[in-house]
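Shown next, in structure tokens, is the structure this report addresses.
Protein chains: 2
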Amino acid sequence: MTVLVFLDPDHENGRVADASKPQLMATDQGVTRGDGIFETMLAVDGTPRKLSAHLARLAASAEAMDLVIPPAPAWERAIATALAEHPPATELVVRLLVTRGVEGAGTPTAWVQASAPGTSGRQQRETGIEVLLLDRGYDSSVAERAPWLLLGAKTLSYAVNMAALRYAKKQGADDVIFTSSDGRVLEGPTSTVLIATVRDGVKTLTTPLLESGVLPGTSQGALFKTAAEAGWHLGYGPLEPHDLFEADAVWLVSSIRLMAPVRSIDGKEIPVSRELTEELTALLVKGSRD
Amino acid sequence: MTVLVFLDPDHENGRVADASKPQLMATDQGVTRGDGIFETMLAVDGTPRKLSAHLARLAASAEAMDLVIPPAPAWERAIATALAEHPPATELVVRLLVTRGVEGAGTPTAWVQASAPGTSGRQQRETGIEVLLLDRGYDSSVAERAPWLLLGAKTLSYAVNMAALRYAKKQGADDVIFTSSDGRVLEGPTSTVLIATVRDGVKTLTTPLLESGVLPGTSQGALFKTAAEAGWHLGYGPLEPHDLFEADAVWLVSSIRLMAPVRSIDGKEIPVSRELTEELTALLVKGSRD
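Top to bottom, those sequences are chains Y and R.
Residues in the first sequence are numbered consecutively from 824, following the numbering used here.
Residues in the second sequence are numbered consecutively from 824, following the numbering used here.
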């Protein structure tokens, strides 16, 4: 089942709505223009993971979009309501969505959605994933000079991300790593790229440069904190495709699927390390309790 | 008022729905992922203009998105229902929208929306518009090599287009002409670029190369047909910004606003020709009766 809770000034803890019935206006700019933002987080035993990181990124996305959204406490109360309304579950997916609302109304539409996770994430964590490198079309410097491209915002305009995933699946792959037109590794359509290298006993975890126009990953942020405490060296790109092939392990990391080990890129197998995946997943989970 | 008509196998002529009430599921991928396509057309005295061109482009967008949508006759009947349900009006805006539907359901959500046009289009036709050149981030060859970027599809993921318009308005401009990262003129966020040059009595109308990743404009297509019959020479780019400054007139053309004369680019005035605007608007209207 899906629980919906709308943020509503008349309902302090959010207004619970029937998810089996239409709840959105057909003229909402969220649907007519993909004009809105979102976050997806995992709740474990009723507690959202990385809540403050997700709320901070939601606020940053809103600012990039000139969207005035409800303050963090209103989200926290609505999330609590959604989790209380859902039958107890070990894991739930909690989505926060805000649109620019109905054209002309000047009021955003904001809601929380809680539902059970699909099975594919857990499976891909176990079996690993095959990815394709696909050109995102942008060069790695455009994000800084062209803020209207919204590269640092998590917007509802995900048609390209979904098309890239469909393209990969048609070729028999599971997921995508986007590259920039100048040959840098960027991110997955719904995930952050992480690579590990172990040289002379020194373990290094590297993620692409934020300035290259990737979304700041909340999971990468949580993991870097605890990995540093555990003795890992940390690196921020730039990364190029050869870095992926030369790494000791590569993952796509995200809030629901967690660390998904990449086992091939463009059909070429790369090393997978169950040991490193287990170590880093534990550190990620530890870093996600905030 | 807004009239909504959903395409529905149980209602041959479409199902009329109350636009003042929520009609969409909150889990529709149109809103959660901007995953869908649309068209916007003008109906004059109850008759849609360029209907077959809009339906053909909708079908092309659907194909680019791997989206199976209702066939043209179903759209035609739903449009007729929407226009019959709306109080008579000289001009109405008719929108066609299709989303990938609720996640997992496998059925697209498709509807027609009819409403009165805003006043700004008519005003901008009269007064002309000030535009900014903004980098779209893509080079002009990416559309052909990266179909997952959906550059030829009119998707619901319009957040960047809307952000570019907001950016322009904050700088005091009215609209935007996107350029490619390799310096070509592309298109407006919701319009096609057209330039006219008159040399030694030869009148030439030029639009950017389709292959550079712009959306094929239905208005440009209609106008080119009748303009050729009226003796105009036609050209397809590539165009660069200097071509805009050297032209005898520049327009952003679209289905509702029609020919909007550009009177300045990046704050620099360019020639405006009331005579050419009137001549080409008449040819556009003539070409739009299909």
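Glycine is no exception: its CB is placed at the ideal position from the N, C-alpha and C atoms.
Taking Y:R1086 as reference, the option from Y:H1065, Y:T1013, Y:E953, Y:I1079 with the minimal CA-CA separation is Y:E953. Scanning Y:E1069, Y:L1081, Y:T1100 for the CA closest to the CA of Y:K1091 turns up Y:E1069. Where R:K1026 is concerned, the enclosing beta strand (DSSP E) starts and stops at 1025 to 1030. Taking a Cβ-Cβ cut-off of 9 angstroms, the neighbours of R:Q936 in chain Y comprise A849, T850, T855, given in sequence order.
Within the DSSP bridge table, the entry for R:I1088 names R:V954, R:K1091 as partners. Boundaries of the alpha helix (DSSP H) around R:T1100: 1097 to 1110. Counting along the chain, the unbroken alpha helix (DSSP H) around Y:A885 starts and ends at 874 to 887. Here Y:V854 is not near R:G924, since their CB atoms are 9 angstroms or more apart. According to the DSSP assignment, Y:Q1043 belongs to the alpha helix (DSSP H) that extends over 1041 to 1052. The C-alpha of Y:S1111 lies about 16 angstroms from the C-alpha of Y:T1100. Pairing Y:L956 with Y:P1064 gives a Cβ-Cβ distance under 9 angstroms. Counting C-beta atoms within 10 angstroms of its own C-beta, R:M1082 has 16 or more neighbours from the protein chains shown and is therefore classed as buried. Shown in chain order are the members of the stretch 995 to 1028 of chain Y whose Cβ falls below 7 angstroms from a Cβ of chain R: S1004. Per DSSP, the continuous beta strand (DSSP E) segment holding R:G837 begins and ends at 834 to 840. Straight across, the Cα-Cα distance linking Y:V999 with Y:I1018 is about 15 angstroms. In this structure, DSSP gives R:W1055 a state outside helix and strand, which the three-state scheme calls coil. Short of 6 angstroms from the beta carbon of Y:N836, and not among the five residues preceding or following it, lie these beta carbons of its own chain, in chain order: R900, T904. Among the residues of chain Y, those whose CB is under 7 angstroms from the CB of R:M985 are R856, D858, following chain order. When Cβ-Cβ separations below 9 angstroms define contact, R:W898 makes no contact with chain Y.
Listed along the chain, the chain R residues whose CB falls inside 8 angstroms of the CB of Y:S1111 amount to none; the nearest CB is some 23 angstroms away. If you keep only unbroken alpha helix (DSSP H) runs of at least 4 residues inside the stretch 957 to 990 of chain R, you get 965 to 968. Approximately 7 angstroms separates the beta-carbon atoms of R:Y981 and Y:S980; this is inside 8 angstroms, confirming the contact. With respect to chain R, the C-beta atom of Y:L920 has a partner C-beta closer than 9 angstroms.
Each residue's CA atom was taken as its position, placing R:A840 and R:E908 some 11 angstroms apart. Under the 9 angstroms criterion on CB atoms, Y:G1090 is classed as non-interfacial with respect to chain R. Per the DSSP secondary-structure output, R:D831 pairs in a beta bridge with R:H834. Listed by position along chain Y, the residues whose Cβ is nearer than 9 angstroms to that of R:A842 are M848, A849, T850.
Put simply, the stretch 994 to 1014 of chain Y touches the stretch 961 to 976 of chain Y. At least three CB pairs are less than 8 angstroms apart.
Under the three-state reduction of DSSP, R:G853 is assigned to helix. Assignment of R:A1083 by DSSP, reduced to helix, strand and coil, places it in the strand class.
Scanning chain R for C-beta atoms nearer than 7 angstroms to the C-beta of Y:R989 yields D889, reported in chain order. In this structure the stretch 937 to 944 of chain Y does not touch the stretch 875 to 887 of chain Y; the number of beta carbon pairs closer than 8 angstroms is below three. The three-state secondary structure of Y:Q947, taken from DSSP, is helix. Per DSSP, Y:L1038 lies in no alpha helix (DSSP H) segment and is marked neither H nor E. The criterion of a C-beta distance shorter than 9 angstroms is satisfied by Y:L1057 and Y:T1027. With fewer than 16 other Cβ atoms inside 10 Å of its own Cβ, R:D833 counts as exposed.
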